[in-house]
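A short write-up of the structure that comes next.
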Amino acid sequence: MENETTETSTSGCGSLILEMGVLSRLTGDSRYEAAALRALRKLWSMRSSLNLVGTTLDVLTGKWIEYSSGIGAGVDSFYEYLIKAYILFGSDEYWDMFHSAYLAVQKYFRHGPWYHEADMRTGEATHWQLTSLQAFWPGLQTLLGDVAAANLSHREFYNVWQRFGVLPERYLLDYGVLHPTEKYYPLRPEFAESTFYLYQATKDPWYLEVGETIIGSLNYYTKVDGGFASVRDVSTMKLEDHQHSFFLSETCKYLFLLYDDSFLRNQNYIFTTEGHPLPVRSTWHAKFPATHVLSNWTFVKDENQPIRVSALSSQVCPETVFRKSIGSPWESACHVPDVYASHRCRTDDDCGTEAVTCKKRTCSMAGYCGLWLVIY
Numbered sequence: 000m001e002n003e004t005t006e007t008s009t010s011g012c013g014s015l016i017l018e019m020g021v022l023s024r025l026t027g028d029s030r031y032e033a034a035a036l037r038a039l040r041k042l043w044s045m046r047s048s049l050n051l052v053g054t055t056l057d058v059l060t061g062k063w064i065e066y067s068s069g070i071g072a073g074v075d076s077f078y079e080y081l082i083k084a085y086i087l088f089g090s091d092e093y094w095d096m097f098h099s100a101y102l103a104v105q106k107y108f109r110h111g112p113w114y115h116e117a118d119m120r121t122g123e124a125t126h127w128q129l130t131s132l133q134a135f136w137p138g139l140q141t142l143l144g145d146v147a148a149a150n151l152s153h154r155e156f157y158n159v160w161q162r163f164g165v166l167p168e169r170y171l172l173d174y175g176v177l178h179p180t181e182k183y184y185p186l187r188p189e190f191a192e193s194t195f196y197l198y199q200a201t202k203d204p205w206y207l208e209v210g211e212t213i214i215g216s217l218n219y220y221t222k223v224d225g226g227f228a229s230v231r232d233v234s235t236m237k238l239e240d241h242q243h244s245f246f247l248s249e250t251c252k253y254l255f256l257l258y259d260d261s262f263l264r265n266q267n268y269i270f271t272t273e274g275h276p277l278p279v280r281s282t283w284h285a286k287f288p289a290t291h292v293l294s295n296w297t298f299v300k301d302e303n304q305p306i307r308v309s310a311l312s313s314q315v316c317p318e319t320v321f322r323k324s325i326g327s328p329w330e331s332a333c334h335v336p337d338v339y340a341s342h343r344c345r346t347d348d349d350c351g352t353e354a355v356t357c358k359k360r361t362c363s364m365a366g367y368c369g370l371w372l373v374i375y
């Protein structure tokens, strides 16, 4: 169209397959799914030799515009829809794409529990930053059974949330400070979403406490007479006169489901990237091959569906024992809290023991306690 930009994001053209695939099945018209699948295949054909994709591209030339990539803005729902398309439709093609993409992310973007951005062509780091959109990743990992890794990243997001009261749009890991211009919090849902998934997978009541923290922050900092307002600057908590629609469709929904999941008990669902539930129906997909099927992707056992076991993860959430003293919050049995409630640290001595893995936490480069893994 005249005067329209030819630039689009990877997530923009790679996050159509769920809705279009369902529409084709409901209408009997295959054109919708075919168009979305054509776009998805084109994107995947443009990946680098490292199985990484960029962030933005030109739809007319079919060339990448931005080679720096990560798991956040511009690309996040591309990964999300690959795994969810496999869950919903059962095609091995979606699994093969996701499997290769996930392993590439873990190899080139991960640094301990954090995820930085890197050049899709070389794998070299480009930006060392946490972004609020990255917070969906622990939820995605939980879907495929990589619960221990999901828990570690989720706790780092929580540490940043506790420091500022909400999750800032960008936080510079190498300096341990807010991004100079992107200090806002537009009521994003991703952290609440991952909290919901992790609680469903583990039933660790610690995640309920995280949910209470989120709700408390929303009510304290963002509630206004007409609803809830976005935060313009998390360092001052100055508000702006705006509430995004995703606050209702996602943020509130995932927080509600965290404490009342009765809606999910009668049928299996997955959620679109905007938080809309789609039923998982056996008539919509082929049987899952036993060698690479998923666990923790749903919350109820359906006797008519095949049993799914995780293929990606060698890390699973161990059986967790809980203890509770009168008047004290729930804790996992091996949990030793960090010295400071803010989880800030100068040395490893300021850090405690992780609740789920029972491993000693160490002081990160950003000055927070966490579990750091050396990736070769």
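Numbering (numbering that gives the first Met the number 0), first residue to last: 0 to 375.
C-beta atoms are modelled at their ideal positions from N, C-alpha and C, and glycine is treated no differently.
No experiment lies behind these values; they were computed from the predicted model shown.
With a threshold of 7 Å on Cβ separation, who are the neighbours of residue i within its own chain once the five nearest residues in sequence on each side are excluded?
i, result
"V406", "What is shown of the chain runs 0 to 375, which leaves residue 406 out entirely."
"L81", "Y93, M96, F97 and A100"
"Y85", "Y93, W94 and F97"
"R120", "S47 and Y66"
If you compare alpha carbons, which of the options is closest to residue i?
i, options, result
"F135", "I70, Q128, E155 and D173", "I70"
"A34", "Y66, V21 and R46", "V21"
"F195", "L277, V223 and P137", "P137"
"H110", "W127, M119, D118 and T121", "W127"
"D232", "E155, K83, L186 and R360", "L186"
"E189", "R345, C251, L17 and R46", "C251"
"G274", "D259, L247 and R264", "L247"
"V58", "L42, S67, A117 and G226", "L42"
Identify the continuous alpha helix (DSSP H) that holds residue i and give its terminal residues.
i, result
"K83", "D75 to F88"
"D91", "D91 to Y107"
"A35", "R30 to S44"
"V394", "Coverage of the chain is limited to positions 0 through 375, which leaves residue 394 absent and any answer about it impossible."
"V233", "Premise fails: V233 is in no alpha helix (DSSP H) and is neither H nor E."
"W160", "V146 to F163"
When we look at the beta-carbon of residue i and count the other beta-carbons within 10 Å, is it buried (16 or more) or exposed?
i, result
"K202", "exposed"
"V230", "buried"
"V176", "exposed"
"F262", "exposed"
"L197", "buried"
"Q266", "exposed"
"S324", "Summary for S324: the model assigns pLDDT 35, below 50, so the residue's position carries little reliability; its value from the coordinates is reported in the next sentence. Answer is exposed; the Cβ neighbour count stays below 16."
"H150", "The sequence shown places Asn at residue 150, rather than the His named in the question. Per the 10 Å Cβ criterion, buried."
Which residues does DSSP list as the beta-bridge partners of residue i?
i, result
"Q128", "L171"
"D269", "Checking the sequence, you will find Ile at residue 269 rather than Asp. Paired residues: L277."
"L177", "Y170"
"H241", "BP columns for H241 are empty, so no partner."
"T7", "L56"
"K359", "T352"
"C12", "Bridge partners of C12: none, in fact."
Cutting at 6 Å between CB atoms, please list the residues of its own chain near residue i, excluding the five before and the five after it.
i, result
"H241", "S229"
"S23", "S29, Y31 and E32"
"C12", "A38"
Would you give the residue range spanned by the beta strand (DSSP E) that residue i belongs to?
i, result
"E249", "No beta strand (DSSP E) contains E249, which DSSP labels as neither H nor E."
"I64", "K62 to E65"
"A117", "E116 to D118"
To which residues of the same chain is residue i closer than 8 Å at the C-beta, ignoring the five residues directly before and after it?
i, result
"L415", "Residue 415 is absent from the model: the chain starts at 0 and stops at 375."
For a test of your reading of the model: does the CB of residue i fall under 7 Å from any non-hydrogen atom of the ligand ZN? Yes or no.
i, result
"V159", "Absence of the ligand ZN is noted for the structure shown, with no ligands found whatsoever."
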